[in-house]
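Everything on this sheet refers to the single structure shown next.
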Amino acid sequence: MIKLIASDMDGTLLNHDLVIPEENIAAIKKAQAEGIEFMIATGRGITEAKPLLEKYNLNSAFITLNGGQVFDEKGVVQVEFPLKPVWTKKVVQSLINQDLYFEVVTSNGIYSDDKVKRINNIAGLISNLNPGTPFKLAVALSSARIELMNIKYVENYDEILSDPNIKVFKIIAFDTQSTVKFDAVKKDLLAEPNPGVVITSSSTYNIEINDINGQKGIALKKYAEQKGLGAENVMTLGDNVNDTTMIEYAGYSVAMGNAIDDIKKIAHWQTDTNNNAGVAKAIERAIEFNHTGKE
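Each residue of the sequence shown is one higher than the last, beginning at 1 in UniProt numbering.
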């Protein structure tokens with residue numbers, strides 16, 4: 001029986017306008033009424049993920065920053081996996097060596113050193129996740145998203161990286177032109193026998209670097225176990241590389257119709273796209289399975 005459903009946000013729960021379709025909202029509330037817990041598993045931080053659900057009166061636990069932090073339904077941190085300082089320095093130096101624009105996600109907020117680059121790179125990410133979205137609209141959405149996120153701008157990252165009271169949970173780098181620099185960073189950081197980081201992405205245009213334990217699948221497993229649940233009680237929905245470990249973990253994993261091929265290959269089955277309320281259709285199927293025992 002499915003007792004917990006974990007869904008990614010961008011490219012999954014959200015449509016190309018970055019809103020939750022009404023069908024998804026109704027399905028989530030129906031599942032909750034049936035006793036199925038619904039939670040979010042996203043690369044976003046809690047401050048930009050939570051308001052999107054509160055807007056629709058949806059209450060949820062959150063796996064944020066790709067598994068860097070886990071919050072219960074009351075917003076209390078349950079688990080967190082910050083990057084170790086030695087690895088934070090290695091990551092930053094590797095990104096600087098490749099002349100990549102990057103942002104640092106911390107316990108004290110999100111830091112950027114260039115507002116113009118941030119807007120353009122987030123716009124590129126939005127366009128990539130939602131093909132057909134005009135770039136001007138993507139820029140507008142990007143600007144609005146930045147206001148929601150309360151980004152902090154600094155001249156350089158030295159001060160925050162040297163502060164022992166600030167935990168770094170994720171470093172995200174952008175390049176809308178090519179993946180060549182990303183490949184170089186991966187080769188550099190993952191060359192050691194036991195690397196302390198994991199590198200994923202939520203788009204062709206970015207790489208997201210977390211502590212080796214900061215993965216959606218690891219975080220979800222810990223959360224489920226705290227609830228007394230096994231993988232056989234969990235359904236996951238996702239579309240991109242940073243969803244891989246939770247798709248692999250769950251007893252019932254679902255790839256979005258717009259998911260990358262690597263996710264479709266490992267998921268148990270496929271639903272409709274994020275623009276066609278694929279999450280709602282998957283949830284309805286989960287409810288039906290609980291009633292009949294037939295997938």
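We put the beta carbon where it would ideally sit given N, CA and C, even for glycine.
task: Work out the CA separation of N206 and N240 for me, nearest whole Å.
output: 12 Å
- prompt: Tell me which same chain residues have a C-beta within less than 7 Å of the C-beta of K115, skipping the five on either side of it?
  reply: Y153
message: With H, G and I counted as helix, E and B as strand and the rest as coil, what does DSSP make of L148?
response: Low local confidence applies: a pLDDT of 46 at L148 is under 50, so the model's placement there is unreliable, and no value is given.
query: So, using beta-carbon positions, are I212 and G238 closer together than 8 Å?
result: no
- request: Specify the secondary structure class of T273 as computed by DSSP and reduced to three states.
  value: coil
message: Below 8 Å on the Cβ atoms is my contact criterion, and I expect V79 with K222 to pass it. Report the Cβ-Cβ distance as a whole number of Å.
response: 5 Å
field: Nearest-angstrom beta carbon gap, I40 and A49 [assumed within contact, 8 Å]
entry: 6 Å
Residues near residue 344 by beta carbon distance below 6 Å, same chain, minus five either side: Since the displayed the chain opens at 1 and closes at 295, residue 344 lies outside it and no answer follows.
field: Sequence-distant residues of its chain with Cβ nearer than 8 Å to A286 (five each side left out)
entry: If we look at A286 and ignore the five residues flanking it on each side, its Cβ neighbours are I2, I5, A31, I36, M235, Y252.
query: Excluding sequence positions up to five away, which residues of its chain have a Cβ less than 7 Å from the Cβ of Q98?
result: K181, A184, V185
task: Use the C-beta contact count for V197: other C-beta atoms within 10 angstroms, 16 or more gives buried, fewer gives exposed.
output: buried
query: Using a Cβ-Cβ cut-off of 7 Å (strictly less than) and excluding sequence neighbours within five positions of E147, which residues of its own chain qualify?
result: Any reading at E147 must be qualified, since the residue scores a pLDDT of 47, below 50, and its modelled position is unreliable; no value is offered.
- request: Can you check DSSP and say which residues form a bridge with N206?
  value: F174
query: So the alpha helix (DSSP H) A282 belongs to, where does it begin and stop?
result: 278–292
query: Just curious, the alpha helix (DSSP H) that L83 is in, first and last residue?
result: Looking at the DSSP string, L83 is not in any alpha helix (DSSP H), and its letter there is neither H nor E.
query: Going along the chain, which residues of its own chain have a beta-carbon closer than 7 Å to the beta-carbon of Y157, five neighbours each way excluded?
result: V92, V104, Y111, D113
query: Between which two residues does the beta strand (DSSP E) carrying T236 extend?
result: Element bounds for T236: 234–238.
N- and C-terminal bounds of the beta strand (DSSP E) containing A41: That run of the beta strand (DSSP E) goes 37–41.
beta-carbon N24 near the ligand PLP non-hydrogen atom, thresh 7 Å: This structure lacks the ligand PLP; in fact it carries no ligand of any kind.
query: Are I172 and I166 closer than 8 Å when you measure CB to CB?
result: No, they are not a contact pair.
query: What are the residues that DSSP puts in a beta bridge with G109?
result: T106
task: On the DSSP bridge assignment, give the partners of A6 in chain order.
output: M39, T236
message: Measuring alpha carbon to alpha carbon, tell me which residue in M9, A231, T106 is nearest K84.
response: Of the residues M9, A231, T106, the one whose Cα lies closest to the Cα of K84 is T106.
- request: Please look up how many angstroms separate the CB atoms of G68 and K170, rounded, as I've assumed it's under 8 Å.
  value: With a contact defined as Cβ atoms closer than 8 Å, G68 and K170 qualify at about 5 Å.
- request: Below 8 Å on the Cβ atoms is my guess for N108 versus A280; work out the distance and round it to an integer in Å.
  value: Contact flag wrong, Cβ pair sits at about 37 Å.
message: What does the alpha-carbon distance come out to for the pair Y56 and F71?
response: When rounded, the distance between both Cα atoms is 19 Å.
field: Best match in A26, V254, V19, E192 for proximity to W87 [C-alpha to C-alpha]
entry: Of the candidates A26, V254, V19, E192, the one whose C-alpha sits nearest the C-alpha of W87 is E192.
task: Could you check which residue in N66, V76, D8, E34 has the C-alpha nearest to that of L52?
output: D8
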